[in-house]
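**Student:** Residue numbers (our numbering): 734 to 1027. Heads up, the beta-carbon is just placed ideally off N, CA and C, and yes, glycines get one too.
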Amino acid sequence: MEVCIGICTYKRPEIRLTLESIVAQVLPENITVTVVVADNDETTAAKEYIENLAIELSLKLKYVHAPKRNISIARNACLDNTTSPIFFTIDDDQVASKNWISLMLKRLDKDNADVVFGPVKAIYPDNTPKWIIANDFHSHQPVFVDNEIKTGYTGNTLINLAKADGLHFNLIYGRTGGEDTDYFYQMYEKGAKLVYEPMAIVEEPVPENRLTKTWMLKRKLRMGQSFGQLQLSTSSLLDRIKLFFISLSKLLFCFLLCLLFCVNNKKFHFWLMRGIFHLGVNLKSLGLNHIENY
């Protein structure tokens, strides 16, 4: 059986490490791998580099140019060029553990699932602020709500596209982020089963520019806006009003805890980031636009 791995890239030579980790996979018997790389740069400057990597690594790879700096366009290009309905996604700065593909496929089959998420383990540089490491803000795993996963991310995912039924990533989120949250929530709403495989780890080095408080605050605000957008996608005016007051109360609660834990660096920043998330939800309930991320 052939599986396909989609990778969106934008001016990242580190994709070499990602591709090397794919080549190093310990695959189940009769499993073959094809890779689709969608380049979101305006030019094809990376085309030769990526195709030469594929030759060097003896990797079956298709390069697709998906310009306009809209991440949804790149993600959709991967979907449109996949060679298999068994479709993996990984970021161009991530490195997969050697049993990644095998573990994800086993979980898909064992749970009769439609989507499998794996954990993203952040690798922090030595100069990372202690409060970021203490809260492990850059690592990811899916959130369970009432023992269910209702949405997720594309940074370590296996999708059975047969269940997606032609679903594509919404271009509205292409420059703000949140397109993956929207995509998987739509799958969930259509009856897809989303599960988690904790052992299928990918590692992601954290770049210097993501270690600042400003970057973290913008990220949490954008995440809150994306969550708020999901809550309002099929809601009435009354639901919008409810969301405004609920998010406002959570925002005030979080900032109260910030004051309470002002001398505890870890807890202060945890509640600060939670508060900014709820601020994003609150702003979206008022109809304010997303901040751009790409």
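1) If you reduce the DSSP assignment to three classes, tell me which class Thr777 lands in.
2) Assuming Asn893 is part of the beta strand (DSSP E), what are its boundary residues?
3) So is Gly885 buried or exposed if we call it buried at 16+ other beta carbons inside 10 Å?
4) Run through DSSP, which three-state label would Gly957 get?
5) Tell me whether Lys707 sits in a helix, a strand or coil according to DSSP, three-state version.
6) Give the straight-line distance between the Cα atoms of Asn942 and Thr861, rounded to the nearest whole angstrom.
7) In chain order, what are the residue ranges of uninterrupted alpha helix (DSSP H) at least 4 long that sit wholly in the segment 814-882?
8) Going by C-alpha distance, which of Leu981, Leu970, Gly924, Pro746 is nearest Ala846?
9) Apart from the five residues just before and just after Trp948, which ones in its own chain have a Cβ nearer than 8 Å to its Cβ?
10) Helix, strand or coil for Asp898? Go by DSSP, reduced to three states.
11) Runs of 4 residues minimum, wholly inside the segment 954-1006: which ones carry the alpha helix (DSSP H) assignment?
12) In whole angstroms, what separates the C-alpha of Ile764 from that of Gly1013?
13) When you compare each of Phe978, Tyr857, Trp1004, Ala867 to Pro940 by their alpha carbons, which one comes out closest?
14) Between Glu937, Leu760, Val797, Glu789, which has its C-alpha nearest Ala778's C-alpha?
15) Under the three-state reduction of DSSP, which class applies to Leu1012: helix, strand or coil?
16) Answer yes or no: do Ala895 and Met920 have a C-beta to C-beta separation smaller than 8 Å?
17) Throw me the rounded Cβ distance for the Gly851 and Ala757 pair, which I believe falls under 8 Å.
18) Report all residues from its chain with a CB closer than 6 Å to the CB of Gln962; omit the five preceding and five following residues, and keep chain order.
**Tutor:** Let me lay it out:
1) DSSP places Thr777 in coil when its eight states are reduced to three.
2) First-last of the beta strand (DSSP E) with Asn893: 889-893.
3) A residue is called buried when at least 16 other Cβ atoms come within 10 angstroms of its Cβ; Gly885 meets this threshold and is buried.
4) Residue state, collapsed to three classes: helix.
5) For residue 707 there is no data in the structure shown, the boundaries of the chain being 734 and 1027.
6) If you take the alpha carbons of Asn942 and Thr861, they lie about 11 Å apart.
7) Listed in chain order, the complete alpha helix (DSSP H) runs (minimum 4 residues) inside the segment 814-882 are 833-843, 863-868.
8) When Leu981, Leu970, Gly924, Pro746 are compared, the shortest CA-CA separation from Ala846 is found for Gly924.
9) Closer than 8 Å at Cβ, skipping near neighbours: Asn942.
10) In the displayed model, Asp898 falls within coil according to three-state DSSP, outside both helix and strand.
11) Under the rule that a run must span 4 or more residues, the alpha helix (DSSP H) segments found entirely inside the segment 954-1006 read 970-993.
12) The alpha-carbon atoms of Ile764 and Gly1013 are separated by roughly 43 Å.
13) The residue with the shortest Cα to Cα distance from Pro940 is Tyr857.
14) The option with the nearest alpha carbon to Ala778 is Val797.
15) The answer is helix: DSSP assigns Leu1012 an H, G or I state.
16) The answer is no: Cβ separation not under 8 Å.
17) Between Ala757 and Gly851 the Cβ distance is about 16 Å, and since that is not below 8 Å, they are no contact.
18) Counting only residues of its own chain and dropping the five nearest sequence neighbours on each side, Gln962 has a CB closer than 6 Å to the CB of Lys1017.
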